[in-house]
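According to the working numbering, the stretch in the sequence shown is residues 162 to 525, in order.
Cβ coordinates follow ideal geometry from the N, Cα and C atoms, glycine included.
First the structure, in the form of structure tokens, and then the observations on it.
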Amino acid sequence: MRSFRCFLLSVLFVVLCQGVSAQRPPKFEPRTRNFEMDKVYPVSGESKYNRLRVLDVRVSKEKLGYLKTGAFNRNADLVTEQPFDKLLTDYYTKMLAELKAVGNEELVMVLHDIIVEDRAAGQEIATMFLDADFFGSRGDRYYYLGTADTLYEMSSNGDVSGKLLSGTVHKIADILSRFSVMQGEEGNMAYTAAELEGKRAADNRQYEAYKVAGQMKPGVYYTAEQFLNNTPVDTPIVIRENTSTASGSYITVYYPKSKTNKKARPASAQDIFAVCDGTMLVCGHKRGFSKMTYEHGDFLAVQYFPGITSNSGMLMGGAMFGLVGAAIVYAAESAANKNNNANVAYYSRLVPGEKRFIPTKRAR
Numbered sequence: 162m163r164s165f166r167c168f169l170l171s172v173l174f175v176v177l178c179q180g181v182s183a184q185r186p187p188k189f190e191p192r193t194r195n196f197e198m199d200k201v202y203p204v205s206g207e208s209k210y211n212r213l214r215v216l217d218v219r220v221s222k223e224k225l226g227y228l229k230t231g232a233f234n235r236n237a238d239l240v241t242e243q244p245f246d247k248l249l250t251d252y253y254t255k256m257l258a259e260l261k262a263v264g265n266e267e268l269v270m271v272l273h274d275i276i277v278e279d280r281a282a283g284q285e286i287a288t289m290f291l292d293a294d295f296f297g298s299r300g301d302r303y304y305y306l307g308t309a310d311t312l313y314e315m316s317s318n319g320d321v322s323g324k325l326l327s328g329t330v331h332k333i334a335d336i337l338s339r340f341s342v343m344q345g346e347e348g349n350m351a352y353t354a355a356e357l358e359g360k361r362a363a364d365n366r367q368y369e370a371y372k373v374a375g376q377m378k379p380g381v382y383y384t385a386e387q388f389l390n391n392t393p394v395d396t397p398i399v400i401r402e403n404t405s406t407a408s409g410s411y412i413t414v415y416y417p418k419s420k421t422n423k424k425a426r427p428a429s430a431q432d433i434f435a436v437c438d439g440t441m442l443v444c445g446h447k448r449g450f451s452k453m454t455y456e457h458g459d460f461l462a463v464q465y466f467p468g469i470t471s472n473s474g475m476l477m478g479g480a481m482f483g484l485v486g487a488a489i490v491y492a493a494e495s496a497a498n499k500n501n502n503a504n505v506a507y508y509s510r511l512v513p514g515e516k517r518f519i520p521t522k523r524a525r
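And the structure:
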């Protein structure tokens, strides 16, 4: 009798366990949102190229960025139904549809990165960053046309997500249109098709800092040129990473007490490009020092640039570099002072040829 009761209890336990298992919530699936390029902006001018080829060399190709969705602003990965390079080539063909005269050459876009972020700063502020090199063919040779490495910011009094999507399409079309009417000069350096993907890395390897893959010599680099040549000034200096419960970790750099210095004194970030103590590499910015890392062939660090600090209307611009030239940088900085903008922290990439950092996304 006792064994029969034990058997019934065992059966009841199994049934209850199965019921609990059946009531468990389904496994979480990441949210996604399709990025579509439905609105077509025709090429402005006479295109030199009747086709676009995209070489997608991004480290991660799974998504373009994210949108905030729902009442709780959960992140939804921004993805494409077809490979992004195919989406761009098809879109470029549509951009040419209304043109009467089109050249017979090929436009090549080497896509290094695209980052689309919705309300990264917590307000109705969104950003889009595109980083690509462009080449135009002449027969079987290719000529470098230029680089688009531009961060666009936009804000809204309402929901900025829709403006982010439409603004991203508009700026991609604008960039394609600008390069579509350019043509490489035959006197300039020509490249084969096989050399296009590696051009940027080859250019960077002209600098010692890239040859040693970020393994910098200890010392103080007062200028970007000293840093790129890996020729620091051999000055005793200390880097300390401090932890604060209020603001997280922060970096202090100081000259230690010595025979010439009666007491330790802080280093000025305004006078120093970078510092290496043999273990940590840091760089100066407008508000102090931040860590610098070498990842996937690039030097990365947090820097400060004029950016939108409030959701006061719609603005596309913020910090704009590369494609539109230095004059627009100054115009953007001037506009920032007039539009309630201030210096904002951005994750940034060093452009060695220009000896400066460019912003790629908001840091906070």
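query: The beta strand (DSSP E) enclosing Glu267, as first and last residue numbers; result: 263 to 279
query: Continuous beta strand (DSSP E) stretch holding Tyr305: start and end; result: 302 to 316
query: Enclosing alpha helix (DSSP H) for Leu325 [first to last residue]; result: 322 to 341
query: Pick from Glu402, Leu248, Arg361 that is closest to Thr308, judged by C-alpha positions; result: Arg361
query: Under 8 Å between C-beta atoms of Asp459 and Leu389; result: no
query: CB-CB length for Phe434 against Val443, believed under 8 Å; result: So it is not a contact: roughly 10 Å between Cβ atoms.
query: Residue of Phe340, Ile469, Phe518 minimising C-alpha distance to Ser316; result: Ile469
query: Met256, enclosing alpha helix (DSSP H) - first and last residue; result: 245 to 256
query: Val505 to Leu325 span [Cα, whole Å]; result: 19 Å
query: Same chain, Cβ closer than 8 Å to Val485, five either side skipped, listed in chain order; result: Unreliable placement is indicated for Val485, whose pLDDT of 32 sits below 50; no coordinate value is reported for it.
query: Check whether Tyr253 and Leu213 have beta carbons under 8 Å apart; result: yes
query: As assigned by DSSP and simplified to three states, the class of Leu291; result: strand
query: With 16 other Cβ atoms within 10 Å as the buried cut-off, status of His446; result: buried
query: Under 8 Å between C-beta atoms of Gly264 and Tyr305; result: no
query: Cβ-based burial, Phe290 [other Cβ within 10 Å; buried from 16]; result: buried
query: Cβ-Cβ separation, Ala430 to Tyr416 (assumed contact under 8 Å), whole Å; result: 13 Å between Cβ atoms; not a contact.
query: For Asp238 and Ala287, the rounded distance between their alpha carbons; result: 15 Å
query: Top-ranked residue by Cα proximity to Asp217, from Tyr227, Tyr202, Val271; result: Val271
query: Thr454 vs Ile276 beta-carbon contact at 8 Å; result: no
query: Option in Ala262, Met198, Leu260, Glu207 with minimal Cα separation from Glu242; result: Met198
query: Beta-bridge pairing of Asp238 - partner residues as DSSP gives them; result: Thr193, Tyr227
query: Residue of Thr193, Val342, Ser327 minimising C-alpha distance to Ala262; result: Val342
query: Spatial neighbours of Arg366 in its chain, beta-carbon cut-off 8 Å, leaving aside the 5 residues before and after; result: Lys372
query: Alpha-carbon to alpha-carbon, Lys332 and Arg523; result: 19 Å
query: Rounded straight-line distance, which links the Cα of Arg517 to that of Gln509; result: A quick correction: the sequence has Ser, not Gln, at residue 509. Approximately 10 Å between the Cα atoms of the pair.
query: When Asn422, Ser419, Asn403, Thr421 are compared against Thr530, the one with the closest alpha-carbon; result: No statement about residue 530 is possible, as the shown extent of the chain runs from 162 to 525 and does not include it.
query: Lys222, buried or exposed, once every other Cβ within 10 Å from all chains shown has been counted against 16; result: exposed
query: Three-state secondary structure (DSSP) of Asp432; result: helix
query: Nearest-angstrom beta carbon gap, Tyr303 and Leu357 [assumed within contact, 8 Å]; result: 6 Å
query: Residue of His273, Lys423, Gln284 minimising C-alpha distance to Ala293; result: His273
query: Integer-rounded CB distance, given that Glu266 should sit under 8 Å from Tyr210; result: 5 Å
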